[in-house]
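Note that the protein sequences, when read in sequence, are chains A and Y. Under our numbering, think of the first position of the first sequence as 318, with each following residue one higher. Under our numbering, think of the first position of the second sequence as 140, with each following residue one higher.
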Amino acid sequence: MASFANTLSPTPFGFFDSDTQFQSEADSMVTFVKRKLGDDILSVELTSKQIWACFEEAFCEYGAIVNQYQAKSQLSNLIGSSTGSLEGMEQKYPRETLEFALKLAEPYGSTAGVGGSYNTTSGSIQLSQGKQDYDLYSELVDGTGVPIFSSSLNPSRGKLRIFEVMHFNPQAAYRFFDTTSAINYLNNEFSFESFTPETVFYVLPVFEDVLRGGQMSMSNKVRRSNYSYLIVGTKIRIYPMPVSDIPPRLWFRIGFPQDPLAPDIPDSSIYGVSNLSNIPFGNFKYSQINSIGRQWTRQYTLALSKELLGLVRSKFGSIPIPGSELQLNGSDLVNNGRDEKEKLITQLKEMLDTLTYDKLLESQATEVENIKKVLQAVPIPMGRAITIG
Amino acid sequence: MSRLFITTRELDFISDITKEVIKDVIGQKVYYYRVREELTQVHDVYEEASQKVFDPPIEIEALVEWTSPEVSTGQFGSETRGVVTVMIHQRDLLDKGISFREGDYFSYGPTFYEATSLIPISKIFGQVEHVTGLKILGKQAREGQIGKVPIGPLGEEFTDASAVQDTFSQQRGAPSNVEGLTNDVRALQEKGVLDAPITGPKRVTEDSTGSSFYGDE
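So this is what it looks like as structure tokens:
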């Protein structure tokens, strides 16, 4: 019998052909499978290459299942990382990160005007005396006077998002020291109130300032016009109606529809790992698999071989021999092999179900609880503490 | 079944399975005695030969349907006439270069039979050139028709050393086993499709310590 190493293309895919431990095991696998199927006594109509193909498939199956469970444990940490050549992250224990959670939280921050990956811009509407209603989509302009909706800032001509309308009640502070002095307002605006001759200094308790401020704010709210606005469709209505001869500009902070694949902040993670299909989990290396995995692989190889032998033997319902017909055990072998495969996969998955990282955490928590229960039963010596460890 | 699905490889598979059943599992055999016509003198009047010349016997594995012989009693005493049906694998005959003919003799146990008819059993899946085997009807030969001492397992009532077969050896495509040359050919092995068995042909002996069948060697 030609050895694995001396055979040209011994396996269909050749994933592990160069692994010396796989080579060595492959030769033993032929004996193992054939002996288990009774070749010592009666022929097992399987070629070495068929058994090696089963061996390769079994080890691929093992790797795929373990990788699936590793993905369950680690996808949130690996998501967004480089896919590379779709291998290299298998059998690794990466650090935990919050990148996934932070990315999920980003749009909420962005909508609230805090953080995010999308820029906002500002624009303004020139208010007119006696005019309350303005069209945001035509009158809201950028610094060059171009309507923002149709500017290059909004190439998709998407709906404008009005994050902020800078239309506020006048600050009560300008009346704080002298309710009749307009100069105090200007002083506040330009930060030089301490140097004007009108400045008056009081030595008062803080609560007096607080109460006075509240009183003035309430006075503004009750006795003066309140500043507010209403946005409906493309229109904004502002309150109160501008009455100044030279009304100011009304400023806005605006955002645009967010393209998830083209944020304003460059983000290469968009093209990184996105789901199970492109996590860089390659095939395992046989030489790095422990005895648990190897034994599973051997058993699965045997089950696959059994199924394959069954398929070979069940090509015919019966075989004509001189004077009779011979029934082969093909269907039994197929059923038996499939049952064993299913059982092995179920066993492996059940085991891995208990070994995902969140399950490990649960079991560790249970262990801690159980330890506490056990320690509760340990009598505490009078006046002494128990030392553990 | 169509030739699309039954190719040489399938026919080899069927042949090898058949040989395995007949030679490695069942183990029945007959001894074939070919009549040498050119060396046998035929009586001019009766056109029969009282003393036939035979080739040395050849052991052939076969499936044998043995039926109890009929005993008839006449004015000259009783006469036992047995018939036997022997099925022989066609490819095995070809491998061994044997061409069985009507009129040839064979022994099964202590009895010699004359082959009275040779019938091809069946075409394998309807393919005209592939025959499963030969069905040979044998009629018990009268004493004197063949003056040979029977060989092989004869019966427990005999005292010959080989009267009871206490050893059975598989062949499994090996050129020889413990009993000598086998002339056994397994097509899939010969063509390199399948490897030889991981261990050689097994043997069952009367003494279990000598048996290799259960891996006792």
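No residue lacks a Cβ here, since even glycine has one placed at the ideal position from N, Cα and C.
When C-alpha distances from ASN322(Y) are compared across ILE285(Y), LEU232(Y), GLU268(Y), LYS262(Y), the shortest belongs to LEU232(Y). Close to chain Y, meaning a Cβ-Cβ distance shorter than 9 angstroms, are the following residues of the segment 626-642 of chain A: VAL629, ARG630, LYS632, PHE633, ILE636, PRO637, ILE638, PRO639, GLY640, SER641. Assignment of PRO259(Y) by DSSP, reduced to helix, strand and coil, places it in the strand class. Setting aside the 5 residues that flank it on each side, GLN304(Y) is surrounded in the same chain by PRO292, each with a C-beta closer than 7 angstroms to its C-beta; the list follows chain order. Residue pairing of ASP452(A) in beta bridges, as defined by DSSP: LYS552(A). Per the coordinates, the alpha-carbon of ILE479(A) lies some 30 angstroms from the alpha-carbon of SER536(A).
For LYS287(Y), there are no C-beta contacts with chain A under 7 angstroms, since the nearest C-beta of that chain is about 25 angstroms from it.
Taking the Cα of PHE601(A) as reference, the smallest distance to any Cα among ASN595(A), SER594(A), GLY610(A), LEU593(A) is reached at GLY610(A). Close CB contacts of ILE290(Y) within its chain, under the 8 angstroms cut and outside five residues either way in sequence, are with TYR170, PRO196, SER246, SER301 (chain order).
With 16 or more neighbouring CB atoms inside 10 Å of its own CB, GLN367(A) falls in the buried class.
Those residues of the segment 326-359 of chain A placed with their C-beta closer than 7 angstroms to a C-beta in chain Y are THR348, LYS351, ARG352, ASP356, ASP357, ILE358, LEU359, ordered along the chain. The shortest C-alpha to C-alpha distance from ARG412(A) to any of GLY430(A), SER390(A), GLU423(A), THR400(A) is the one to SER390(A).
For GLU159(Y), the chain A residues whose Cβ falls inside 8 angstroms of its Cβ are LEU359, SER360, in order along the chain.
The beta-carbon of LYS274(Y) is placed less than 8 angstroms from the nearest beta-carbon of chain A. Around the beta carbon of GLU186(Y), fewer than 16 other beta carbons lie within 10 angstroms, which makes this residue exposed. Distance between GLY475(A) and GLY432(A), taken at the CA atoms: about 21 angstroms. The three-state reading of DSSP puts GLY647(A) in helix, counting H, G and I together.
Between ARG615(A) and PHE349(A), the C-beta spacing is below 8 angstroms.
For GLN387(A), the enclosing alpha helix (DSSP H) covers residues 365-395. In this structure, LYS623(A) is the residue among LYS623(A), GLN387(A), GLU667(A) with its C-alpha nearest to the C-alpha of GLU362(A). At a cut-off of 8 angstroms, the C-beta of VAL223(Y) has no neighbouring C-beta in chain A. Rounded to the nearest whole angstrom, the C-alpha separation of LEU273(Y) and ARG230(Y) is 10 angstroms.
Here the alpha carbons of GLY277(Y) and GLU253(Y) stand approximately 5 angstroms from one another.
Proximity of chain Y to SER365(A) at the Cβ level (cut-off 8 angstroms) is accounted for by ASP334, in chain order. Annotation for ILE396(A): PHE417, VAL590 place their beta carbon closer than 6 angstroms to its own, counting only its chain and skipping 5 residues before and after. Taken through DSSP and simplified to helix, strand or coil, SER467(A) comes out as coil. The beta-carbon separation of GLU373(A) and PRO329(A), rounded to 7 angstroms, stays under the 8 angstroms limit for a contact. Annotated as distal: LYS420(A) and PRO559(A), with beta-carbon spacing of 8 angstroms or more. Pairing GLY283(Y) with SER189(Y), the inter-Cα distance amounts to about 8 angstroms. Spatial neighbours of GLN387(A) in its own chain (CB-CB distance under 6 angstroms, excluding positions within 5 residues in sequence) are not present. Burial is judged here by how many other beta carbons sit within 10 angstroms of a residue's own beta carbon; PRO577(A) has fewer than 16 and is exposed.
Contacts between THR271(Y) and chain A, judged by CB atoms closer than 9 angstroms, involve PRO637, ILE638, PRO639, GLY640 in chain order. Counting only runs of 4 or more residues that sit fully inside the segment 587-644 of chain A, the alpha helix (DSSP H) segments are 608-630, in chain order. At a C-beta separation below 9 angstroms, LEU202(Y) has these neighbours in chain A: ILE638, PRO639, GLY640, SER641. Rounded to whole angstroms, ASN316(Y) and GLU404(A) show a C-alpha spacing of 53 angstroms.
At least 8 angstroms separates the beta-carbon of GLY627(A) from that of LEU643(A).
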